[in-house]
Amino acid sequence: MKNLSFLGVDVAKDTLVIFDGQKVYEFQNERGLKKFKRKFFKKKEDRKKRVVIYEPTGPYSAFLEEFCATNMIKVVSLNPRKVPRLREVLGHRAKTDNLDAKLLYEYHKIVSEEEIKEIEYNENLEKLALLLSEYQLYQNIENKLSNFLEYLDRVPVDSKESKKHIQKNLEETRQRLQKIKKEMEELVNKDDDINKGVKEIEKVKGIGKMIATYCYIFFRKRRIRNRREVVALAGLDPEVKESGKRKLVTRISKKGDNRLRSLLFMGALSAIRCKEGGLKEYYESLIKRGKPKKVAIIACARKLLIFAFYNYKKWQMEAQSA
Numbered sequence: 001m002k003n004l005s006f007l008g009v010d011v012a013k014d015t016l017v018i019f020d021g022q023k024v025y026e027f028q029n030e031r032g033l034k035k036f037k038r039k040f041f042k043k044k045e046d047r048k049k050r051v052v053i054y055e056p057t058g059p060y061s062a063f064l065e066e067f068c069a070t071n072m073i074k075v076v077s078l079n080p081r082k083v084p085r086l087r088e089v090l091g092h093r094a095k096t097d098n099l100d101a102k103l104l105y106e107y108h109k110i111v112s113e114e115e116i117k118e119i120e121y122n123e124n125l126e127k128l129a130l131l132l133s134e135y136q137l138y139q140n141i142e143n144k145l146s147n148f149l150e151y152l153d154r155v156p157v158d159s160k161e162s163k164k165h166i167q168k169n170l171e172e173t174r175q176r177l178q179k180i181k182k183e184m185e186e187l188v189n190k191d192d193d194i195n196k197g198v199k200e201i202e203k204v205k206g207i208g209k210m211i212a213t214y215c216y217i218f219f220r221k222r223r224i225r226n227r228r229e230v231v232a233l234a235g236l237d238p239e240v241k242e243s244g245k246r247k248l249v250t251r252i253s254k255k256g257d258n259r260l261r262s263l264l265f266m267g268a269l270s271a272i273r274c275k276e277g278g279l280k281e282y283y284e285s286l287i288k289r290g291k292p293k294k295v296a297i298i299a300c301a302r303k304l305l306i307f308a309f310y311n312y313k314k315w316q317m318e319a320q321s322a
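When we follow the UniProt record's numbering, the leftmost residue of the sequence shown carries the number 1, and every step to the right adds one.
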């Protein structure tokens, strides 16, 4: 690692703030990252020697990840769980984009070789991720349109014209959902690795095709190493607050992928109604111990994620040894 140089990159919605050990730079967070490339990766040697350290921020870090994958730039994808602890150790009390970029840069002093890796770029995987995002968008629209139709049935004024337009939009939305679902199935079946991986994850009770597909994309793109990391990156890890000698677990951190959390929550609701798989008994035991229902369901969602990750890793290891 002696020949490597590092960049701490803080990712926001519209900007990337970069610290190279000497100076802070700011670039637009846009597809291609041309100015960022011109400054730090103009030569081929730069792509081999420079390593980007960043904290995954869901859709906001997509352009950075795409850029690093297509240009074969090595990265350190820092577990969100480590960042608060790193801030505490380095004494960074304030939180600004500039300080966060410097904080991420400082991590290079303790980074291990196995943490430095290339992001895989698979066209089918990227298309699948895009379709899945669109599917979830239209699902939200469908729910809102359906709820509004119910509302129109109860208003004390004539709503025929409104109903007509809403019903038309609802029908078009449902047609688009069916088309996206078909396109996704075709993509999964077309790629042998994706197909087998999704099927392995789907073996977990409570996980259907949609959740299995999202989990597969999440695991493969992040190259997650262990269960602690996967739980943290999904934002299902407990948020611990310290006061003197007391440590309080108040809630989940929610610092990871909110779409995955939402899907797992729905999967958990399904799994706790199913006798097979063990989650029903686990849920009931938590309720008996006095846990609120929502807390118990979140715990089941965490279990679902761990089961899915176990199946994925097992399949991956078997595929590599074959």
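Even for Gly, the Cβ is constructed at its ideal location relative to N, Cα and C.
Quick check on this structure: which residue in the options has the alpha carbon closest to the alpha carbon of residue i?
{"i": "S162", "options": "L145, P238, Q178", "result": "L145"}
{"i": "K49", "options": "R227, T173, K74", "result": "K74"}
{"i": "Y312", "options": "L152, K254, R289, N226", "result": "N226"}
{"i": "V204", "options": "Y25, G267, R38, D193", "result": "G267"}
{"i": "D193", "options": "E172, I217, V52", "result": "I217"}
{"i": "I211", "options": "G256, S253, S262", "result": "S262"}
{"i": "residue 331", "options": "Y60, F265, E150", "result": "Nothing about residue 331 can be read from this structure; the chain reaches only from 1 to 322."}
{"i": "E26", "options": "D100, S5, N71", "result": "D100"}
{"i": "E172", "options": "N189, I141, L187", "result": "I141"}
{"i": "E200", "options": "E115, T57, S285, A308", "result": "A308"}
{"i": "K314", "options": "D153, F219, K294", "result": "F219"}
{"i": "K82", "options": "F63, Q22, P56, K179", "result": "P56"}
{"i": "G21", "options": "K44, E45, V52", "result": "V52"}
{"i": "I252", "options": "E120, K294, G278, R31", "result": "K294"}
{"i": "V231", "options": "I306, F36, E45", "result": "I306"}
{"i": "Q316", "options": "D46, K44, N195", "result": "N195"}
{"i": "M72", "options": "R273, P156, H165, E45", "result": "E45"}
{"i": "residue 338", "options": "K164, V155, Q136, E126", "result": "Only positions 1 to 322 of the chain appear in the structure, and residue 338 is not among them; the question remains open."}
Just checking my contact of residue i with residue j at CB under 8 Å: how many whole Å lie between their CB atoms?
{"i": "L269", "j": "M184", "result": "Actually they do not touch by this definition, with Cβ atoms about 22 Å apart."}
{"i": "N122", "j": "L233", "result": "Between L233 and N122 the Cβ distance is about 19 Å, and since that is not below 8 Å, they are no contact."}
{"i": "V24", "j": "Y54", "result": "Not a contact, Cβ separation roughly 15 Å."}
{"i": "I18", "j": "L33", "result": "Actually they are not in contact, since the Cβ atoms of I18 and L33 sit about 10 Å apart, beyond 8 Å."}
{"i": "L304", "j": "G206", "result": "6 Å"}
{"i": "A296", "j": "Y283", "result": "5 Å"}
{"i": "F63", "j": "E30", "result": "6 Å"}
{"i": "L187", "j": "N147", "result": "That belief does not hold up - the Cβ atoms of L187 and N147 are roughly 31 Å apart, past 8 Å."}
{"i": "D257", "j": "G58", "result": "6 Å"}
{"i": "F41", "j": "L16", "result": "Not a contact, Cβ separation roughly 13 Å."}
Rounded to whole angstroms, what's the CA-CA distance from residue i to residue j? Just pull it up for me.
{"i": "K160", "j": "N169", "result": "14 Å"}
{"i": "R289", "j": "P238", "result": "18 Å"}
{"i": "Y138", "j": "R259", "result": "14 Å"}
{"i": "K254", "j": "G235", "result": "4 Å"}
{"i": "S5", "j": "T213", "result": "36 Å"}
{"i": "T70", "j": "E134", "result": "23 Å"}
{"i": "E115", "j": "P292", "result": "38 Å"}
{"i": "N143", "j": "Q178", "result": "15 Å"}
{"i": "I224", "j": "D158", "result": "55 Å"}
{"i": "S77", "j": "Y107", "result": "11 Å"}
{"i": "L149", "j": "R174", "result": "15 Å"}
{"i": "L286", "j": "D153", "result": "40 Å"}
{"i": "V9", "j": "Y310", "result": "31 Å"}
{"i": "N189", "j": "T96", "result": "45 Å"}
{"i": "C274", "j": "K181", "result": "25 Å"}
{"i": "Q167", "j": "L128", "result": "29 Å"}
{"i": "E126", "j": "S321", "result": "26 Å"}
{"i": "L279", "j": "A299", "result": "10 Å"}
On the criterion of 16 or more Cβ atoms from any shown chain inside 10 Å, does residue i qualify as buried, or is it exposed?
{"i": "E276", "result": "exposed"}
{"i": "I110", "result": "exposed"}
{"i": "E118", "result": "exposed"}
{"i": "R85", "result": "exposed"}
{"i": "R38", "result": "exposed"}
{"i": "K105", "result": "In the sequence as displayed, the identity of residue 105 is Tyr instead of Lys. Flag for Y105 reads buried."}
{"i": "Y151", "result": "exposed"}
{"i": "L130", "result": "exposed"}
{"i": "K221", "result": "buried"}
{"i": "S61", "result": "buried"}
{"i": "C68", "result": "buried"}
{"i": "E229", "result": "buried"}
{"i": "A319", "result": "exposed"}
{"i": "C215", "result": "buried"}
{"i": "D14", "result": "exposed"}
{"i": "residue 325", "result": "The structure shown has nothing for residue 325, since the chain only spans 1 to 322."}
{"i": "E202", "result": "buried"}
{"i": "E65", "result": "buried"}
Within the UniProt domain "Transposase IS116/IS110/IS902 C-terminal" (200-284), ranges of the alpha helix (DSSP H) (whole runs, at least 4 residues):
209-222, 227-233, 258-271
Length at least 4, wholly inside the stretch 54-105: the alpha helix (DSSP H) runs in chain order:
62-70, 82-90
Residue ranges of each alpha helix (DSSP H) within the stretch 12-48, 4 or longer
34-40
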